[in-house]
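Quick mapping for you: the protein sequence lines, in order, are chains D and U.
Mind the numbering: the first sequence is residues 1 to 448 in the numbering used here, read in order.
Mind the numbering: the second sequence is residues 1001 to 1537 in the numbering used here, read in order.
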Amino acid sequence: MAMEPSILTSRWKIPDAHRIDVAMKHGAWATLPAALKMAPGEITQVVKDSGLRGRGGAGFPTGVKWGFVPPPEKRNGKPVYLVCNADESEPGTFKDRYLMWKDPHMFLEGIVISAYAIGAKAAYIYLRGEFGFVRRRVDEAIAEARAKGFIGRNILGSGVDVEVYTHLGAGAYICGEETALLSSLEGKKGQPKLKPPFPAVEGAWRAPTIVNNVETMAAVTWIVGHGAAAYREFGTEKSPGTKLLSVSGHVLKPGVYEIDMGIPMMDFIMDTAGGLRPGRKLKAVVPGGSSVPIMTPDEVARATIDYESIHEVSGSYLGSGGMIVMDDTTDLAEGLANLLRFYAHESCGQCTPCREGTGWMFRILKRVKEGRATDVDLATLKNLADNIHSKTICFFGASAAMPVQSWLKKFPDEFFGRVHRTGKVGYADVGAEPPGGDKPGGTTQAAK
Amino acid sequence: MPTVKVNGIEVEVAPGTNMIEAARQAGVDIPHYCYHPHLPVAGNCRMCLVDVEAGGRGPDIACNMQARDGLAIRTDTDNVKRMRRSVMEFLLVNHPLDCPICDQAGECRLQDYYMEHGQHHSRLADEKITRTKRQDIGDLIILDADRCIACSRCVRFSDEVTKTGELRLFNRTDHTEIGVFPGTRLSHHYQGCLADICPVGALTNKDFRFQKRSWYLRAEPSVCDRCATGCNIDVDHDHGEVFRYRPRRNDAVNKSWMCDFGRLSYKRLAAEDRILTARGPEGAEGVDAVLAGLAAAVDAAARDHGDGSVGLVLGTRATNEANWAMLRALRAAVPGARVFLVEGNDPDAFDYTDDLLVHADKNPNTAGVRLIAEADGAVGDAEALRAALADGGLRLLLVLADDVLARLGEVRRPEALAFFGTWANATSEAARWVLPLAAAQEVEGSFTNFQGRVQRLQPAIPAAGDSRPGQVLAAGLARALGEDALPAGAAGVFHDLAANVPAFFGLSLAGLGAEGALVHREPPTEQVAPPDTRPAP
């Protein structure tokens, strides 16, 4: 069993760690005074050196993102904003909710440090609409921190001002996308905006804005407190540090785990997450939130949990770390129809392919599930997904297309077995290997 | 100036040009729905997806791609064809396809692009999603949300142009539905523009709906005559009848817009108060007979009471040519005639002004007449006219186009009044001679708008009844007065005008182009001869 590191979760098991007095006895807010003595550029450099990659899902290097904020003379007098993305809307993902609930001071400290580093005087925490109870806890923590002088004007006598606000969304999946989040924060309908301009140049209220995930903020606290080198002792060369995984589905111990990146995925599922129910076999794993391509047991066996390995082995992504494990009792046609019902409900309705295509894909999958479809529908489904993927303003189109493409490709029998065969369509028409192929992949796995 | 390539064709464009416009300059049409040159870029229809050959990553949308050196795009690849076919398919999945009963048919981008880029067979095996049809959302607009393709042009128009923000795309996903906020209606005076910019049949113009299939219409470029802005328009007509005005793009004047007052003013061409026949003291007569009678009266007044007993009021509602020809005719025959310019709005002008397009001055040619008056050097204003009427010295007054009696208010009327006008009014009622003046959309000529932009009129339909262009009536009057040397064609009159009015030096009617030409603010010190573009006699 892999050793579980505990750098982001160190206070989770301490009772009442969300209270500032308890948290401070165990190291909370101890990094901020030192950070305020550093120059903002030094902090950015430490974060760059740590190799920390954004934990929201895209994995973009955090320090590099901070570097995109234009220098003061190029801001047209606009302020800089920090926005903490606590929307956590990706199905299967619930790590940020735990982080904010168990130890809000960990990420709040990171927010204040990051705001200082990028020159922001205001930071907004955008929480999803269902997180009202989390917001109350975070608001309490902010009030406690303000009372101690960690948040507000002239923090700890340093002359640095950082105000932190929470904002509750209305529960739209798309508001986890950073530009849609900013639209919503501005009081508009939560719809993604065209890039360029990127938020770091023109974001909230057309001012330079850095949007970082909750876990990223918590990691910044640890990195600035312990140094880039210490952080790089965890993880791999390209995926340094630890990662929070939220595991759900057919494992005996679902929950949130902090792992050292680079550990074997199968070990994590079978040991850390408690393994499968007795007598069950692994059918599939969605490793990083519902949008990422599905993995076969063979791919799971060959992958380690980091950004590179998952993609190399399976074409999938570590994403948000929302891992969904499915055993051999799972009906994948039912599962994919369920997923597409979600995407068809959540498309913001802006771009033509996504607006019209997600609903269409869902209606086809509903017929597949109910046995009212033909193999021609499967080919249409695959083609629609191809026509949506990367043809839209934001990544939602790809997010809805990738499950369709990958589930059909890797588990074609699950779908061909549910439809009327006209003979006009073969496995190749849904992007899959023909049955009996000896290449490792879904077909052979599903057939086992 | 960045140089870009479109399908291998190199083109140099202004900085900030997007690739749809750059392609247009290279002669390549990139299909689009949501992009509009006078609205912010939304990038949602995805019809303009192109392949990027060099200088970027693709495929990407051309509307949000700024031209920069080294950028090369292709629109002729199989991939682009596939993407267009796919977007067309998605657009039509939940579209009702009710073209036979849709008033947009014939000028619908869905139809046009589907013929060019569609796949011509349906893969849809499921039920279509339907939305609300036939909603009355404004004085001029019917909304059919079922036909909407959610391009958001109308939303951006109401947000960014009229700044009234009544329209929104409500809901999400394929249940996205365009509409106005509950309990509200469109509240601005540019509603017709919504029907213009809607690329499909979702927003149609109540006034035009079901009046004519668009393919029967022919368009003639002209200029709106309802205020001093002079919005450029296309006059859509068939068999001598005008069915609608549509704004014609002119970035220097009206961009792609026009107000509803101007838009609906086409009805005035066939209005009941049109002056269609000439009238003299004996009642209706032929135009020539009335002109002869008037000429005799002019001669008699000048002979008996001196040149100063005859007067002319120039018309802010008449063309440059009509004004110049009348001035020339009278000055030639009666050199000492008194000439006036009475500014102001007529009672039939609409009562609305804004800072978008609708000018407070509701006359199309005030600026032009001012310049003519300035060049003449001896044109009196309303006060001068009042004084001349009060002392009784002015016995015979010729009035061009404007309702001068209404503009002057309580005033001593001249012994005899002649009115050259298009619509009946207080002045025509009081006139002894009435000559029918053709409307702006029926004549060759020009107006000078408030910016000093001289804009060309071209006849869309024949002049109604016996009405004639102002310069023709003026030449007829001149002939009756014994002056035969004056030109009667618009180009000839303009040529003469440009040779004599400094602000017009160097301009010619044919040379005005589609966007007009500015008069000289500081007149050139030496006379610039206008190019002679008059048609051969």
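Beta carbons are placed, not taken as given, at the ideal position from N, Cα and C, and that holds for glycine.
As the structure is a prediction and not an experimental result, all values here were calculated from the model.
Members of the segment 1194-1223 of chain U that neighbour chain D once the beta carbon cut-off is set at 9 Å | none
Say whether chain U places a C-beta atom closer than 7 Å to the C-beta of residue 394 (chain D).
-> For residue 394 (chain D), the closest Cβ of chain U is not nearer than 7 Å.
Give the interface partners of residue 26 (chain D) over in chain U, defined as CB-CB distance under 7 Å, in chain order.
-> Ordered by position in chain U, no residue passes the 7 Å Cβ test against residue 26 (chain D), which lies about 44 Å from the chain.
Let me know the secondary structure DSSP gives residue 1051 (chain U) once reduced to three states.
-> strand
Thinking just about the alpha-carbon of each residue, which of D:120, D:131, D:239, D:173 is nearest to the one in residue 341 (chain D)?
-> Taking only the C-alpha atoms, the option nearest residue 341 (chain D) is D:173.
What residues in the segment 1172-1194 of chain U bring their beta carbon closer than 8 Å to a beta carbon of chain D?
-> Of all residues in the segment 1172-1194 of chain U, the ones placed with a Cβ closer than 8 Å to any Cβ belonging to chain D are 1172, 1173, 1174, 1175, 1176, in chain order.
Less than 8 Å between the CB atoms is what I'm expecting for residue 69 (chain D) and residue 200 (chain D), so what's the real figure, rounded?
-> Indeed they touch by this definition, with Cβ atoms about 5 Å apart.
Quick one: Cα of residue 446 (chain D) to Cα of residue 62 (chain D), how far?
-> Note on residue 446 (chain D): pLDDT 37, under 50, position unreliable in the model; the coordinate value appears next. Going from the Cα of residue 446 (chain D) to the Cα of residue 62 (chain D) covers about 39 Å.
Excluding the five sequence neighbours on either side, which residues of its own chain have a C-beta within less than 6 Å of the C-beta of residue 316 (chain D), listed in chain order?
-> 287, 292, 293, 295, 310
Within the same chain, show all residues whose beta-carbon is closer than 7 Å to that of residue 44 (chain D), passing over the 5 residues directly before and after it, in chain order.
-> 63, 66, 67, 117
Apply the 10 Å Cβ neighbour rule to residue 377 (chain D) and answer buried if 16 or more other Cβ atoms are within range, or exposed otherwise.
-> buried
Check whether the Cβ of residue 287 (chain D) sits closer than 6 Å to any heavy atom of the ligand SAH, and report yes or no.
-> Of ligands this structure carries none, so the ligand SAH is not represented either.
Show which residues of chain D have a CB atom less than 8 Å away from the CB atom of residue 1086 (chain U).
-> 353, 387, 391
Just the Cα atoms here: how many angstroms apart are residue 411 (chain D) and residue 398 (chain D)?
-> 19 Å
Interface residues of chain D around residue 1046 (chain U) at Cβ under 8 Å?
-> 351, 352, 353, 391, 392
Does the beta carbon of residue 29 (chain D) sit closer than 7 Å to a beta carbon anywhere in chain U?
-> no
Taking the alpha-carbon positions, what's the residue 155 (chain D) to residue 181 (chain D) distance?
-> 28 Å
Under a CB-based cut-off of 7 Å, is residue 1123 (chain U) close to chain D?
-> yes
Flag residue 175 (chain D) as yes if its beta-carbon sits less than 7 Å from any beta-carbon of chain U, otherwise no.
-> no
Residue ranges of each alpha helix (DSSP H) run of no fewer than 4 residues wholly in the segment 1390-1446 of chain U, ordered along the chain?
-> Complete alpha helix (DSSP H) runs here, min 4: 1404-1408, 1426-1430.
Can you find a C-beta in chain U that's less than 7 Å from the C-beta of residue 380 (chain D)?
-> It does; some Cβ of chain U falls within 7 Å.
Nearest to residue 1476 (chain U) by CA position, among U:1294, U:1203, U:1448, is which residue?
-> U:1294
Alpha helix (DSSP H) segment containing residue 352 (chain D), residue limits | 352-369
Could you check what DSSP says for residue 82 (chain D) in three-state terms: helix, strand or coil?
-> strand
What do you reckon, are the CB atoms on residue 1287 (chain U) and residue 1399 (chain U) nearer than 7 Å?
-> Against a cut-off of 7 Å, the Cβ pair of residue 1399 (chain U) and residue 1287 (chain U) comes out as no contact.
Since residue 1196 (chain U) and residue 1247 (chain U) are thought to touch, with beta carbons under 8 Å apart, how far apart are those beta carbons, to the nearest angstrom?
-> 7 Å
Of all Cβ atoms in chain D, is any one closer than 7 Å to the Cβ of residue 1018 (chain U)?
-> In terms of beta-carbon proximity, residue 1018 (chain U) stays away from the interface with chain D, with every pair separated by 7 Å or more.
Take every Cβ of the segment 1278-1285 of chain U, pair it with every Cβ of the segment 1429-1436 of chain U, and state whether three or more of those distances are shorter than 8 Å.
-> yes
Could you check what DSSP says for residue 314 (chain D) in three-state terms: helix, strand or coil?
-> helix
Neighbourhood of residue 56 (chain D) by C-beta distance below 6 Å, restricted to the same chain and skipping five residues each side = 85, 213
For residue 264 (chain D), name the three-state secondary structure that DSSP assigns.
-> strand
Does the distance from the C-beta atom of residue 244 (chain D) to that of residue 13 (chain D) stay below 7 Å?
-> no
Between the CA atoms of residue 1318 (chain U) and residue 1261 (chain U) - distance to the nearest angstrom | 19 Å
Does the pairing of the segment 1021-1035 of chain U with the segment 1104-1119 of chain U give three or more beta-carbon distances under 8 Å?
-> yes
How would you call residue 1210 (chain U), buried or exposed, if buried means at least 16 neighbouring beta carbons within 10 angstroms?
-> exposed
Using a Cβ-Cβ cut-off of less than 8 Å, give me the residues of the segment 1093-1112 of chain U that come near chain D, in sequence order.
-> 1093, 1094
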